[in-house]
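Below is one structure; the comments refer to it alone.
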Amino acid sequence: MNIIVCVKQVPDTTEIKIDPVKGTLIRDGVPSIMNPDDKGGLELALRLKDECGAHVTVISMGPPQADVILREAFAMGADRAILLSDRKFAGADTLATSYALSGLCRTLDYDLIIAGRQAIDGDTAQVGPELAEHLDLPQITYVSDAKRLDNGNLLVHKENEDSVQVLEVEGKCLLTVLASAFEPRYMSVSGIMDAYNKEVEVWGADKIDVEEGKLGLAGSPTKVFRSFPKPMKEPGEVHEVTPEEAVELIVNKLKEKHII
Amino acid sequence: MEKKDFKNVFVFAEQREGVIQPVAFELLGKARDLADVLEEKVVAMLLGCGIKDKAQELIEFGADEVIVVDTPELKDFLSEQYSQAVSQIILDRKPHIVLYGATTIGRDLAPRLASRLKTGLTADCTKLEIQPVKDEEKEFCMTRPAFGGNLMATIVCPNNRPQMSTVRPGVMQKMERDASRKGVITEFAPKFDTSKFKVKVVETIKADKEIADIAEAKILVSGGRGVHDKEGFNKLQALADVLDGQVASSRAMVDNGVMPHECQVGQTGKTVRPQLYMACGISGAIQHLAGMEESDFIIAINKDKFAPIFSVADLGIVGDLHKIVPMLTERIKKEMEK
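Going down the list, the sequences are from chains A and B. In case it helps, my numbering puts the first sequence at residues 1 to 260. In case it helps, my numbering puts the second sequence at residues 1001 to 1338.
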């Protein structure tokens, strides 16, 4: 089985702080990481590889620095890594991004594509389903489990708000997975060696099957009109008090608000 | 096809097992505002099996027309079946704007359609308005949190139609139900290409009914890393019980398996807007704040006086929740007995 895993390098948004005076982002020193849901997707691919044998190709679109997360993928056990990196992709929204990725996928031989549910910087959860549509593949999103059946089909668990759907999918498909369901493995020693010995292939737009006009900013129907720091709420009262006093303060407030 | 040929504000009216979801009514409320500004109509799309009789409800909550697709193929939500039906409605009726709930259904369906229709989609919008962007030109402005909630971005989709967005449950206000409202109900029969139906439902496992939806709760006692473990959450549960509320959780305590995903508040969990939100041992990562800061009243208890949760709390207590919460529970019990 040939599996493609889509990964994205993202800033660790849990490390981003807001300047309390200016209300702007403090981005300095924020580490870049492999997007958690994507790492979960890689873990699923590697589990399928352990169970039934598979060749795992990790793909990403981003600047040359994104090389780091692809080496991390090697260290976890990926077999091949391709980084799509070209100025022509700059400014792409989810439609143009998924289109570029579809052009890459079309040049590869695959049975299954796995993506993370969403990236922690954009939080759109759109690239996976949009990619599936570009490639005319069935999709299953919010995946918490996937197993290969004897007939070659996949048995997949999809997490909904109020239920889990157990789905069977026939033939090639695209899954978007939840990080919480796939605790990623540690990098192995031999994997870490591989990470530095294996080549991360860097491809430009000319190597993939796309129309240039549909890439990057020109191929993006949505535009950012403006962005601004989130309006800050007026800070409330903060008390450093004994537990007894704290209980008193809270009870009084709850009474004032007619909650008790 | 010209832009001006696309008219009316459409809402994908999500139903589950024949029950129209609250987010559908919320979207109708917003669609009504937008349509009134644009002088266009609000059209709801109701898809499913055996759901025809629910259409009137959508009219009473603001729809001028309901397009109903009632067919066995749409009994369960499946991406391809629903995408075929909705894309055919959109190609036939050419809406100006289409709104979806940002649920596991809406966030599966809407991007699939955006890619099929080659148009723009903006996820998880918190504000939707028709606004002048330059000179006299008005655009549909979709504002959403970006960067894990650290920044707000206003997105426009100037050249492609329809313009589409998803909106989280609990963000928009629904209209007062008006049983006297009149509207049109239209049936639509899509032509399915069944050769593309590759996914079938083997089984649906219902979530434990005991876990009530935190998004509907009036009072939430929520815990983070500082609660430590299940035993810590028992203290929170006891407090929630005396307040007739529910327990919720930060992402950290879901990721480490202490709490179920259904209880998670925040960017990757649920958006909540209770009357009272008590954040216990939650530091207040921006992703968490994004899911709860619209609560009417926020009390935070945290050991770290620099915890960001205090920036959104109406009342902040620097202290040990493990001491305060049980004492508070006892005290409120006594107050209630009075």
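Even glycine gets a Cβ: it sits at the ideal position worked out from N, Cα and C. Fair warning: this is a prediction, and the values are worked out from it, not measured in the lab.
| Check | Outcome |
| --- | --- |
| Residues of its chain near T1204 of chain B, where Cβ-Cβ distance is below 8 Å and the 5 sequence neighbours each way are ignored | D1076 |
| Any C-beta of chain B under 9 Å from that of F225 of chain A | yes |
| The segment 1178-1197 of chain B contacting the segment 213-222 of chain A, beta-carbon criterion three pairs below 8 Å | no |
| Within 9 Å, strictly: CB atoms of V1272 of chain B and A1212 of chain B | no |
| CB of I1299 of chain B within 9 Å of CB of G1316 of chain B, strictly | yes |
| Touch test, the segment 1145-1152 of chain B against the segment 226-236 of chain A, Cβ-Cβ under 8 Å, three pairs minimum | yes |
| Alpha carbon of V1202 of chain B to alpha carbon of M193 of chain A, nearest angstrom | 43 Å |
| Cut-off 8 Å between Cβ atoms - residues of its own chain near R1116 of chain B, not counting five sequence neighbours on either side | S1083, S1087 |
| Stretch pair the segment 1114-1132 of chain B + the segment 127-139 of chain A: three plus CB contacts closer than 8 Å | yes |
| For S1222 of chain B: DSSP bridge partner residues | B:A1248, B:A1279 |
| Span separating the alpha-carbon of Y1100 of chain B from that of F1192 of chain B | 22 Å |
| Extent of the continuous beta strand (DSSP E) run through K1301 of chain B | Per the sequence shown, the amino acid found at residue 1301 of chain B is Ile instead of Lys. That run of the beta strand (DSSP E) goes 1297-1302. |
| Members of the segment 1251-1262 of chain B that neighbour chain A once the beta carbon cut-off is set at 8 Å | V1254, D1255, H1261, E1262 |
| Counted within 10 angstroms of its Cβ, other Cβ atoms place Y186 of chain A as buried (16 or more) or exposed | exposed |
| Between the CA atoms of V169 of chain A and A1360 of chain B - distance to the nearest angstrom | The structure shown does not extend to residue 1360 of chain B, since chain B is modelled only from 1001 to 1338, so the question has no answer here. |
| Residues, ordered as in the chain, of the segment 5-16 of chain A that lie near chain B by beta-carbon distance below 8 Å | P11, T13, T14, I16 |
| Assigned exposure category for G1050 of chain B - 16 Cβ within 10 Å defines buried | exposed |
| For A1187 of chain B, the residue or residues it bridges with in DSSP | Per the sequence shown, residue 1187 of chain B should be read as Glu rather than Ala. According to DSSP, E1187 of chain B bridges with B:V1068. |
| Cβ separation of V1068 of chain B and A1085 of chain B, assumed to be a contact under 8 Å, to the nearest whole Å | So it is not a contact: roughly 11 Å between Cβ atoms. |
| Y142 of chain A at chain B interface by Cβ criterion, 9 Å | yes |
| S32 of chain A (DSSP reduced to helix, strand or coil) | strand |
| Proximity of T1103 of chain B and V1171 of chain B at Cβ, strictly below 9 Å | no |
| Of the listed residues A:P184, A:A246, A:I59, nearest to P79 of chain A (C-alpha basis) | First, the residue type needs correcting, since residue 79 of chain A is Asp and not Pro in the sequence shown. Among A:P184, A:A246, A:I59, the Cα nearest to that of D79 of chain A belongs to A:I59. |
| Cβ shell of Q261 of chain A (< 6 Å), same chain only, five flanking positions each side left out | Nothing about residue 261 of chain A can be read from this structure; chain A reaches only from 1 to 260. |
| Beta-carbon separation (whole angstroms), D206 of chain A vs A115 of chain A, contact threshold 8 Å | Rounded, the Cβ-Cβ distance is 24 Å, inconsistent with contact. |
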